[in-house]
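Here the structure is laid out as structure tokens; the discussion comes afterwards.
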Amino acid sequence: MDAMMPVGGTVVLLRDRQAGGFETLLIRRPDHGSFAGGWVFPGGVVDDADAALALDGSDEQEIAALAAMRECEEEVGIRPADLVTLSCWVPPAEAPKRVRTWFFLAPAPSGDLTLAVDEVVEARWLTPSKALQLHAADNLRLFPPTWVTLQAFVQATSAADALAAASVPELYATHIIAGGVLVWGGDAEHPEGGEGHHRLATAALPWNYQRD
Numbered sequence: 318m319d320a321m322m323p324v325g326g327t328v329v330l331l332r333d334r335q336a337g338g339f340e341t342l343l344i345r346r347p348d349h350g351s352f353a354g355g356w357v358f359p360g361g362v363v364d365d366a367d368a369a370l371a372l373d374g375s376d377e378q379e380i381a382a383l384a385a386m387r388e389c390e391e392e393v394g395i396r397p398a399d400l401v402t403l404s405c406w407v408p409p410a411e412a413p414k415r416v417r418t419w420f421f422l423a424p425a426p427s428g429d430l431t432l433a434v435d436e437v438v439e440a441r442w443l444t445p446s447k448a449l450q451l452h453a454a455d456n457l458r459l460f461p462p463t464w465v466t467l468q469a470f471v472q473a474t475s476a477a478d479a480l481a482a483a484s485v486p487e488l489y490a491t492h493i494i495a496g497g498v499l500v501w502g503g504d505a506e507h508p509e510g511g512e513g514h515h516r517l518a519t520a521a522l523p524w525n526y527q528r529d
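Letter 92 of the sequence shown, counting from 1, is numbered 409 in our numbering, and no numbers are missing.
The structure is reproduced here in structure tokens:
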């Protein structure tokens, strides 16, 4: 991995619903800056405070987890614990701002949300299926890492089920090919090579995810 690329941490908060299934917290960014107008999971870039709190010998993943917890508390007023590493996302070369971001899962702590007015316009608890339906209808702007993460949990029946599924963190080194298609490791058109499909077509709604 590129040691010079900034590193960030994002936390996917999970809570069970009384009606069954589970939901996760999505926040809408302001219409400027990174992910302008998009709905994302709470998170941000590692800063000096995170590095200072890290134990001797902490690796990048552990420091990113500290950033994810801090940013979540700053952005929505609750601090998660017991983070489980889900994935690591490397943006494509074309991205205007490149941050290697670790995604973590965590049970949602109790307490009311307190939104950071300069970073969060609104917040919603949604099931993965509902969030994807809203996106497909052009009523919720998602970016590919958020979309793919939600898609992975459509079949999960509870927060515990989703947490249990995150056994081996996955690397998503994003590469863009023609037609607004993003490909990842295992896809035949990815620079790392592959023989099948691992891609997301984003040129038109609804997006189409293929994975062999």
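Ideal Cβ placement from N, Cα and C applies to all residues, glycine included.
- Judged by pairs of C-beta atoms under 8 Å, the region 403–423 touches the region 325–333, as three or more such pairs exist.
- Scanning the region 366–433 for uninterrupted alpha helix (DSSP H) segments of 4 residues or longer gives 377–393, listed from N- to C-terminal end.
- For histidine 514, there is no enclosing alpha helix (DSSP H), as DSSP marks it with neither H nor E.
- Inter-residue distance for alanine 482 and glutamine 450 is about 22 Å (C-alpha atoms, whole angstroms).
- Glutamate 340 is positioned such that its CB atom lies no closer than 9 Å to that of tryptophan 464.
- In the pairwise beta carbon analysis, the region 365–373 is classified as not touching the region 400–410: fewer than three pairs are separated by under 8 Å.
- Taken through DSSP and simplified to helix, strand or coil, valine 465 comes out as helix.
- By the CB criterion at 9 Å, leucine 342 and alanine 440 fall inside the cutoff.
- When rounded, the separation of the alpha-carbon atoms in isoleucine 395 and alanine 425 is 8 Å.
- Note that the region 502–513 touches the region 476–493; at least 3 beta-carbon pairs, one per stretch, sit closer than 8 Å.
- By the CB criterion at 9 Å, proline 461 and glutamine 378 fall outside the cutoff.
- If you draw a straight line from the Cα of aspartate 373 to the Cα of isoleucine 380, it is about 11 Å long.
- Annotated three-state conformation of alanine 477 is helix, per DSSP.
- With respect to isoleucine 494, arginine 458 sits apart: the two C-beta atoms are not nearer than 9 Å.
- When rounded, the separation of the alpha-carbon atoms in valine 498 and alanine 520 is 7 Å.
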